[in-house]
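Chemist: Chains as they are written, first to last, in this note's numbering: chain A, 1 to 139; chain B, 1001 to 1139.
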DNA sequence: GATTCCATTGCAACCGGGTTGCGGCATATA
DNA sequence: TATATGCCGCAACCCGGTTGCAATGGAATC
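1) Can you give the beta carbon distance from residue 1098/B to residue 1132/B, rounded, assuming they're within the 8 Å contact cut?
2) Does the structure place the segment 1063 to 1080 of chain B close enough to the segment 1116 to 1129 of chain B that three or more beta carbon pairs sit under 8 Å?
3) Measure the Cβ-Cβ separation of residue 122/A and residue 93/A and say whether it is below 8 Å.
4) Which residues in the same chain as residue 43/A place their Cβ atom closer than 7 Å to its Cβ, once the five residues preceding and following it in sequence are excluded?
5) What distance in whole Å lies between the Cβ atoms of residue 55/A and residue 20/A, which are believed to be in contact at a cut-off of 8 Å?
6) At a Cβ threshold of 8 Å, is residue 58/A touching chain B?
7) Would DSSP call residue 1021/B helix, strand or coil?
8) Given that residue 1116/B touches chain A, what residues does it touch there, using C-beta distances under 9 Å?
9) Could you tell me which residues DSSP pairs with residue 1078/B in its beta bridges?
10) Report the option in 1075/B, 1025/B, 1135/B, 1104/B whose CA atom is closest to the CA atom of residue 1002/B.
11) Please identify the residue among 1057/B, 1008/B, 1005/B whose C-alpha is closest to the C-alpha of residue 1075/B.
12) Quick one: which chain B residues come within Cβ less than 7 Å of residue 53/A?
13) Which bits of chain A does residue 1098/B rub up against, with CB to CB less than 9 Å?
14) Residue 10/A to residue 1011/B, Cα distance in whole Å?
15) Would a check of beta-carbon distances place residue 1039/B closer than 8 Å to chain A?
16) Can you give me the Cβ contacts of residue 106/A inside the same chain, cut-off strictly under 8 Å, excluding the 5 residues immediately before and after it?
17) Taking the CB atoms as reference points, tell me whether residue 134/A and residue 1104/B lie closer together than 8 Å.
18) For residue 38/A, which of 52/A, 32/A, 137/A, 31/A has the nearest alpha-carbon?
19) If we ignore side chains and look at the alpha-carbon of each, how far apart do residue 1008/B and residue 47/A end up?
20) Within 8 Å (strictly less), CB to CB, does residue 155/A reach chain B?
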């Protein structure tokens, strides 16, 4: 576990460093895709659900992670790509297969952003396409 | 209540007509925007939650209505625009204000659809932008 | 007309993700 | 050392959604 890297990043975001916050951030950074609260609970079995919850809450408020609602009923979390700021450009496309109920993370397809009516300002985008994935289409 | 119109539409979709289904469909058609299960429960106080739930399930399966997950924790329902088929073109943009927690239905902005990798086929799009709405921006 | 069958519905209970109150412990501040 | 503040675990709670089951009712069959 890269303790140092986590500590630095928390510092830079102005988040007080604690052992649990390091654990959670480390797990998120190591994860290949997104992680749900339940995923983190499983991964960090010594840490209480509510602590993880509150940690994620803080991370999100400080734009260290962002959440994706893929419509499966459990919100997913992901470390923001850019080190210093979490921009809308970080938001990419997700695909949910209605057959096998898996969520795919299409990292290289960034979520489109439409022109909004006067007065609306966007801070994040939740873009999820539902349909049938390749392997379910074949079989 | 336009009983006839509802009955016809149910018929055309191959959905067996029942009093409750007429009530639910009528409420949805009359609604200015989207409705949640809870909204319908309030509107149709004589009808049980589970009955509404199952009715919506059937409606959705027959592509008479579609659901939108706006990230508020309660799924919204909406009658498909086109009479005969519910196409992806029906899906429009939704905006969720992080300050006042309201969901706006931007009916005239259709949800964009990105090119998916080989093998993925899209059946619906869930596109929701989060940010600050005009009245909250004003302060 | 009587009987059988199956879809529909209401009720109540359940489920699971998320959230909160609170008390204890640790850490910081005076 | 005394005092405040923040962090954490536990347990309980909340709420939207979902399911099992029994009763009802209408259509199909005898």
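Positions of the beta carbon are idealized from the N, C-alpha and C atoms, including for glycine.
Keep in mind it's a predicted model, so treat the numbers as computed, not measured.
Modeler: Concretely, from the data shown:
1) As a working mapping, residue 1098/B is identified with position 98 in the second chain. As a working mapping, residue 1132/B is identified with position 132 in the second chain. Going by Cβ atoms, the distance from residue 1098/B to residue 1132/B rounds to 7 Å, so yes, they are a contact pair.
2) yes
3) Your numbering for residue 122/A matches position 122 in the first chain. Your numbering for residue 93/A matches position 93 in the first chain. A distance of 8 Å or more separates the beta carbons of residue 122/A and residue 93/A.
4) The residue labelled residue 43/A in the question sits at position 43 within the first chain. 27, listed in sequence order.
5) By 1-based counting over the first chain, the position of residue 20/A is 20. By 1-based counting over the first chain, the position of residue 55/A is 55. So it is a contact: roughly 6 Å between Cβ atoms.
6) The residue given as residue 58/A occupies position 58 in the first chain. By the rule that beta-carbons nearer than 8 Å mark a contact, residue 58/A does not touch chain B.
7) To locate residue 1021/B, count along the second chain from 1; it is residue 21. DSSP, read as helix, strand or coil, puts residue 1021/B in helix.
8) Numbered from its first residue, the second chain carries residue 1116/B at position 116. Correct list: 93, 95, 106, 109, 129, 131.
9) The residue you call residue 1078/B lines up with position 78 of the second chain. Residue 1078/B pairs with 1066/B.
10) Taking the first residue of the second chain as 1, we reach residue 1002/B at position 2. Out of 1075/B, 1025/B, 1135/B, 1104/B, 1025/B has the C-alpha closest to the C-alpha of residue 1002/B.
11) As a working note, residue 1075/B is residue 75 in the second chain. When only C-alpha atoms are compared, the closest one is 1057/B.
12) Reading the first chain from its first residue, position 53 is the one you call residue 53/A. Within chain B, no residue comes near residue 53/A; the closest Cβ sits about 15 Å away, beyond 7 Å.
13) Residue numbering aside, residue 1098/B sits at position 98 when the second chain is read from its first letter. Correct list: 123, 124.
14) As a position in the first chain, residue 10/A is number 10, starting the count at 1. As a position in the second chain, residue 1011/B is number 11, starting the count at 1. Taking the straight line from one Cα to the other gives about 59 Å.
15) On the second chain, position 39 is the one that residue 1039/B refers to. With 8 Å as the cut-off, residue 1039/B does not count as an interface residue toward chain A.
16) Position 106 of the first chain, counted from the first residue, corresponds to residue 106/A. Once the five neighbours on either side are set aside, the close Cβ partners of residue 106/A are 92, 93, 94, 95.
17) Taking the first residue of the first chain as 1, we reach residue 134/A at position 134. Taking the first residue of the second chain as 1, we reach residue 1104/B at position 104. No. Outside cutoff.
18) Your numbering for residue 38/A matches position 38 in the first chain. The shortest C-alpha separation from residue 38/A is found at 52/A.
19) As a first step, residue 1008/B is located in the second chain; it is residue number 8 there, counting from the start. As a first step, residue 47/A is located in the first chain; it is residue number 47 there, counting from the start. Residue 47/A has its alpha-carbon roughly 56 Å from the corresponding atom of residue 1008/B.
20) The structure shown does not extend to residue 155/A, since chain A is modelled only from 1 to 139, so the question has no answer here.
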